[in-house]
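Read the structure below first, then the notes.
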Amino acid sequence: ERELTAAERKQIQDEHIRKANDPDRTWFKEHYDPLGRRRHLLNADGTTKLVDGVELPQLAKNAGGKWVAAHDLPSGPSEIKTGKTAFTSNSVNPANLPALDQTAKNRKVGMDLTTAEKAFEEHPSTATQKALDDAQNAY
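57 is the number that this note's numbering gives to position 55 of the sequence shown; each next residue is one higher, with no gaps.
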């Protein structure tokens, strides 16, 4: 069996996109879930599943709500990075500090609880049980 050319693969991919947008939806339901994720990517022997001789394209919805090949979408805007200066409590409106402090405290307590749960699960002992109880009470 000969290998398909890039143009032939593109033509088949375009046909798959057309079928994915067909109002009948039978072909789409057979090959994709409702979110557009491909079903059954591998055959029973572990090889990549091919449809009409090519892999199914990854799908994404365009602005008009139609399925398109995810790799055909235009690139989004480049990421915006902040400066290298760290944010501190002086860089925040003082009215927002209490809420930010509470959020940070809640995050720390939650992380401590997760750590204590893992420690007790991996090494059950009186000490790790006490640490877990303390973390649960703090949470």
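Glycine is no exception: its CB is placed at the ideal position from the N, C-alpha and C atoms.
Is A137 buried or exposed, if buried means 16 or more other CB atoms sit within 10 Å of its CB? As a first step, residue 137 is located in the sequence shown; it is residue number 135 there, counting from the start. By the 10 Å Cβ count, A137 comes out buried.
Are the beta-carbon atoms of I19 and V56 separated by less than 8 Å? Locating residue 19 in the sequence shown gives position 17, counting from the first residue. Locating residue 56 in the sequence shown gives position 54, counting from the first residue. Their beta carbons are not under 8 Å apart, which means I19 does not touch V56 by this criterion.
Could you please give the first and the last residue of the uninterrupted beta strand (DSSP E) stretch that includes L61? Sequence index remark: in the sequence shown, residue 61 carries index 59 (1-based). Here the beta strand (DSSP E) through L61 covers L61 to K63.
In three-state DSSP terms, what is V94? Here residue 94 refers to the residue found at position 92 when the sequence shown is read from its first residue. In the structure shown, V94 falls within a coil segment according to DSSP collapsed to helix, strand and coil.
Relative to the C-alpha of P59, which residue among N139, Q104, F30 and G48 is closest? Position 57 of the sequence shown, counting from 1, holds the residue named residue 59. Looking at the Cα atoms, F30 is the closest of the given residues.
DSSP three-state call for L134: helix, strand or coil? Against the sequence shown, residue 134 aligns to sequence position 132. The three-state secondary structure of L134, taken from DSSP, is helix.
Please state whether the Cβ-Cβ distance between A121 and T130 is less than 8 Å. Locating residue 121 in the sequence shown gives position 119, where the first residue counts as 1. Locating residue 130 in the sequence shown gives position 128, where the first residue counts as 1. Inclusion of A121 and T130 in the CB contact set at 8 Å is warranted, their separation being smaller than that value.
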